[in-house]
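Just add 4 to wherever you are in the sequence shown, counting from 1, and you've got my numbering.
Report on the structure given below.
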Amino acid sequence: MEHRDAGLVVWDVDGTLIPADLRWLRRSIARTYGIDEAAVTFPEKKVHGYTDESIVIDTAITSGIAPAEAEAGVPHFHQVLAEVMEAGRDELAHVQPPYPGVACSIAELHRRGFVQTVLTGNLRVAAEIKIQSMDLGGELDLEIGGYGSDERDRFRLPGVVARRYEGKYGLAVLPHRTVVVGDAPNDIACARSAGFRAVVVAHRASREELSSYGPDAVLDSLEPDLVVATIASLVQQV
5 MEHRDAGLVV WDVDGTLIPA DLRWLRRSIA RTYGIDEAAV TFPEKKVHGY
55 TDESIVIDTA ITSGIAPAEA EAGVPHFHQV LAEVMEAGRD ELAHVQPPYP
105 GVACSIAELH RRGFVQTVLT GNLRVAAEIK IQSMDLGGEL DLEIGGYGSD
155 ERDRFRLPGV VARRYEGKYG LAVLPHRTVV VGDAPNDIAC ARSAGFRAVV
205 VAHRASREEL SSYGPDAVLD SLEPDLVVAT IASLVQQV
């Protein structure tokens, strides 16, 4: 198996590679629990930067579903979300196009020898459909990604990525040469919990707010030269 040793870049998906949009969760939650879409009420917090399963349970409870029923519906939610995402492929490409610079940044990092994957709260089926909609050319190694269908607690997903990376490439992940790129405070905290570098892009939160959580870098956009220079600099630091 070829090993590309410049470092490991781990991308968040919603809000980082593509704009966040809760319509898929809203539709799936409504169908899972048999309520109107208009009745789906997302909690004020614990949405962005969390896993789909945790969002579904909190949202179902906020929307009036009993906690036990909310938990019992999770397996069915997996099936429903897959159906909703598959049916919405064309809509997805229209309403959630990749942010400017995404494709070029990923292509240049690949050219420079970085292994790249994703760490996302999305169930794997949803993440794969979203990545496919971006037509990135295969530079993301989704086999070693960490997904919301692997663990409900996002903070356990770095360990999933590390195990899959080692299983595929036969080498341990080096935290100081691993960079998580996200857009939310929880992305920073998740990266820090594993000792990874943390870069965030101010797509939704302000530069000032994100800076207060202590990332290694805050970017205003995914301008490719800046993205590549920032990540390359971080993995060279000891």
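Beta carbons: idealized from backbone N, C-alpha and C, even for Gly.
Residues near Val263 in its chain [Cβ-Cβ closer than 7 Å; skip 5 each side]: Since the first residue shown for the chain is 5 and the last is 242, residue 263 is missing from the structure and cannot be characterised.
DSSP beta-bridge partners of Leu12: As a working mapping, residue 12 is identified with position 8 in the sequence shown. According to DSSP, which records beta bridges pairwise, Leu12 is partnered with Val119 and Thr182.
Cβ-based neighbour list, Ala76, same chain, cut-off 8 Å, excluding 5 preceding and 5 following: Within the sequence shown, the letter at position 72 stands for residue 76. Closer than 8 Å at Cβ, skipping near neighbours: no residue.
Reference Ala206; option with closest CA among Ala198, Phe200 and Ser216: For the purposes of this step, residue 206 is taken as residue 202 along the sequence shown, with counting starting at 1. Checking every option, the nearest Cα to that of Ala206 belongs to Ser216.
Cross-strand partners of Asp18 (DSSP beta bridge): Here residue 18 corresponds to residue number 14 of the sequence shown, with the count starting at 1. Asp18 pairs with Ile22.
As assigned by DSSP and simplified to three states, the class of Val239: For the purposes of this step, residue 239 is taken as the residue at position 235 of the sequence shown. The answer is helix: DSSP assigns Val239 an H, G or I state.
Ala233 classed as buried or exposed, judged by whether at least 16 other C-beta atoms fall within 10 angstroms: As a position in the sequence shown, residue 233 is number 229, starting the count at 1. Exposed is the call here.
Supposed close pair Ile59, Leu85 - CB separation, criterion 8 Å: Mapped onto the sequence shown, residue 59 falls at position 55. Mapped onto the sequence shown, residue 85 falls at position 81. Taking C-beta atoms under 8 Å as the contact rule, Ile59 and Leu85 fail to qualify, at a distance of about 11 Å.
Which residues DSSP lists as bridging Arg201, in chain order: The residue labelled residue 201 in the question sits at position 197 within the sequence shown. Answer by DSSP bridge pairing, in chain order: Val183.
6 Å Cβ shell around Ala221 - same chain, five flanking residues per side excluded: Here residue 221 is taken as the residue at index 217 of the sequence shown, counted from 1. Contacts found: Val203 and Thr234.
Pick from Pro189, Gly163, Ala188 and Val78 that is closest to Thr182, judged by C-alpha positions: If you number the sequence shown from 1, residue 182 lands on position 178. The residue with the shortest Cα to Cα distance from Thr182 is Gly163.
Val246 (DSSP reduced to helix, strand or coil): There is simply no residue 246 to check, as the chain begins at 5 and stops at 242 in what is shown.
Opening and closing residue of the alpha helix (DSSP H) in which Glu243 lies: Look at the range of the chain in this structure, 5 to 242, and you will see that residue 243 is not part of it.
Where Gly163 sits in the DSSP three-state scheme: Along the sequence shown, read from residue 1 onward, the residue named residue 163 stands at position 159. Gly163 falls in the helix class under three-state DSSP.
Inter-residue spacing [alpha-carbon to alpha-carbon] between Pro101 and Ile65: Position 97 of the sequence shown, counted from the start, is the residue given in the question as residue 101. Position 61 of the sequence shown, counted from the start, is the residue given in the question as residue 65. C-alpha separation (whole angstroms): 31 Å.
Per-residue DSSP class, three states only, for Met5: Residue 5 sits at position 1 when you count from the first residue of the sequence shown. Caution is warranted here: a pLDDT of 46 is assigned to Met5, below 50, making its placement in the model unreliable, and no coordinate value can be reported.
Contacting residues, own chain, Cβ-Cβ under 8 Å from Asp40 (five flanking each side not counted): By one-based count along the sequence shown, residue 40 stands at place 36. For Asp40, where only same-chain residues beyond five positions count, the Cβ hits under 8 Å are Ala34.
8 Å Cβ shell around Met5 - same chain, five flanking residues per side excluded: For the purposes of this step, residue 5 is taken as residue 1 along the sequence shown, with counting starting at 1. Low per-residue confidence applies at Met5: pLDDT is 46, beneath 50, and the placement is therefore not dependable enough to give any value.
Residues bridged to Lys150 (per DSSP): Position 146 of the sequence shown, counted from the first residue, corresponds to residue 150. Per the sequence shown, the amino acid found at residue 150 is Gly instead of Lys. Note: Gly150 sits in a beta bridge opposite Leu123.
Close beta carbons around Val78, own chain, < 8 Å, minus the five adjacent residues each side: Locating residue 78 in the sequence shown gives position 74, where the first residue counts as 1. Excluding residues within five positions, the ones whose Cβ falls inside 8 Å are Glu57, Val60 and Ile61.
Closest Cα partner of Ala42 within the set Gly19, Gly11, Arg27 and Val51: By 1-based counting over the sequence shown, the position of residue 42 is 38. Among Gly19, Gly11, Arg27 and Val51, the Cα nearest to that of Ala42 belongs to Arg27.
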